[in-house]
Amino acid sequence: MSATTNKEELDLNKLARETLELLKKERSREVLSLRFGLEVPKTTLEKIGQRYGITRERVRQIEKAALTRLKNNNLDNSNSHKELFDTIKDRGVILHTEIEKDFGAHQLNAIRLLLNLSNEILEVIEDDKKHSTFIHAQYSLKEIESLIKHTLDILKETEEAIHINKLHQKLKDKSQIDLSDNLVEKSLKISKDIIIDDSYVGLSVWPTINPKSIKDKTYYVLKKEGKPLHFSEIANRVRSLSQKPITKQAVHNELIRDNRFVLIGRGIYALSEWGYNSGTVGDIIYDILKKEEVLHKNDIIERVLERRIVKETTIILNLQNKNKFKRVGKATYSVKE
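In terms of UniProt numbering, the sequence shown opens at residue 1 and continues consecutively.
Here you go:
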């Protein structure tokens with residue numbers, strides 16, 4: 001199979017059907033088809049038991065025995081098998097959703113059956129804490145779960161998202177596990193409690209890294225950009241984060257009423273945590289002079305431009321407000337008490 005082969009071109013559904021034909025007993029074939037959802041809806045042990053008039057435990061025994069018989073067959077000779085197993089081996093840890101992207105969602109059930117026939121691959125079934133995942137034998141589930149636990153402890157201590165490199169260092173201090181081969185990144189994607197975004201790791205409940213509301217997505221966009229943006233651009237980026245339609249006005253409303261955001265120019269917003277202040281240009285000049293007492297016009301302009309995107313002439317015009325400011329020397333100003 002060439003490296004350029006499109007994985008979705010592989011007919012793994014056909015391979016799964018052919019694999020089932022290796023079982024002599026029709027009931028064994030049917031039980032596996034029903035359990036894995038091959039061309040039929042996935043079916044519970046109880047429903048299968050009712051169909052055949054046997055207990056759930058007996059169905060479980062039939063399933064286990066059928067899988068064992070298939071494992072004892074040499075199933076690794078085909079190109080399709082090799083492509084599938086090489087993918088798992090190369091990745092080491094791969095989510096069901098990643099498998100779907102590679103091979104197509106329509107083949108996932110067949111893939112699950114085929115991979116469950118390998119002694120080198122473990123399937124982690126989805127629960128409240130973990131995503132459905134395949135893990136190659138080169139990695140230990142116990143070590144992966146330990147890394148996840150240590151990471152959760154670290155994040156609860158820091159109470160903020162941290163860079164993956166910093167997390168690596170902290171994990172080395174807490175764990176004796178070999179962290180090479182991107183083991184941390186591979187392990188953490190299994191957890192539903194952890195998010196990795198742009199090399200930063202945080203808890204999935206934190207809106208700063210996994211925003212859900214419009215206002216939190218707006219904050220996320222500006223924080224990630226690291227500089228002021230026009231509200232139209234902010235709205236476009238917020239929309240790209242959302243599955244539901246979001247209007248530009250809805251984003252603009254959040255920018256106006258949330259004190260985390262500051263209007264610093266015509267339609268341009270920044271985060272207040274960056275040192276920008278709300279208020280008019282005159283208010284900003286007043287605050288600056290209140291702290292500095294006396295400043296040259298050029299220094300005033302420079303400091304206002306650090307907090308506002310306005311024309312220099314606007315700043316100079318505001319300095320002419322004799323009710324707020326007074327000139328105390330050549331191009332030098334203070335507040336009027």
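Built from N, CA and C at the ideal position, the CB exists for glycine as well.
Note that the C-beta distance between L12 and Q107 is below 8 Å. In the structure shown, R307 falls within a coil segment according to DSSP collapsed to helix, strand and coil. Taking C-beta atoms as the reference points, E254 and I316 fail to come closer than 8 Å. Taking a cut-off of 8 Å on C-beta distances, the region 321-337 touches the region 294-304, as three or more cross pairs fall below it.
Judged by DSSP in its simplified three-state form, K326 adopts strand.
For L203, the beta-bridge partners assigned by DSSP are I194.
When the Cα atoms are used, R27 and S132 turn out to be separated by approximately 28 Å. Residue state for K71 is assigned as helix, using DSSP reduced to three classes. Taking C-beta atoms as the reference points, K192 and K129 count as a pair closer than 8 Å.
Residue pairing by DSSP places H136 opposite I121 in a beta bridge. Between I154 and L167, the beta carbon gap of about 7 Å places them in contact (Cβ cut-off 8 Å).
Here the alpha carbons of E293 and Q320 stand approximately 17 Å from one another.
Spanning the alpha carbons of L183 and N79 requires a straight line of approximately 28 Å. The shortest CA-to-CA distance from R69 to any of E21, V205, R327, I301 is the one to E21. Counted as a single uninterrupted DSSP element, the stretch harbouring S213 is not any alpha helix (DSSP H), since DSSP gives it neither H nor E. Per DSSP, the continuous beta strand (DSSP E) segment holding S334 begins and ends at 332-335.
Taken in chain order, the complete beta strand (DSSP E) segments of 3 or more residues contained in the region 2-71 number zero; there are none.
Pairing Y219 with R260 gives a Cβ-Cβ distance under 8 Å.
Within the DSSP secondary-structure output, I268 pairs in a beta bridge with H230, G265. Residue pairing by DSSP places V93 opposite I135 in a beta bridge. One thing to note: S242 has its Cβ no nearer than 8 Å to the Cβ of K223.
Our two residues, N119 and F36, have alpha carbons roughly 18 Å apart in a direct line.
With respect to the C-alpha of D283, the residue from A270, V304, I268 having the closest C-alpha is V304. Apart from the 5 residues on each side of it in sequence, V251 sits with its Cβ closer than 7 Å to the Cβ of I214, T218, F231, I234, A235, V238 in its chain, given in chain order. Between the alpha carbons of H136 and R91 lies a gap of roughly 8 Å. Around the CB of I125, fewer than 16 other CB atoms lie within 10 Å, so the residue is classed as exposed. For I162, the secondary structure class from DSSP, reduced to helix, strand or coil, is strand.
Two segments are said to touch when three or more pairs of C-beta atoms, one from each, lie closer than 8 Å; by this definition the region 196-207 touches the region 157-166. Per the C-alpha coordinates, the member of V93, I195, A66 positioned closest to L113 is A66. Taking all protein chains in view, the Cβ of A105 is surrounded by fewer than 16 other Cβ atoms within 10 Å, so the residue is classified as exposed. Less than 8 Å divides the Cβ of T314 from the Cβ of V281. Residue pairing by DSSP places K248 opposite no residue, since no beta bridge is assigned to it.
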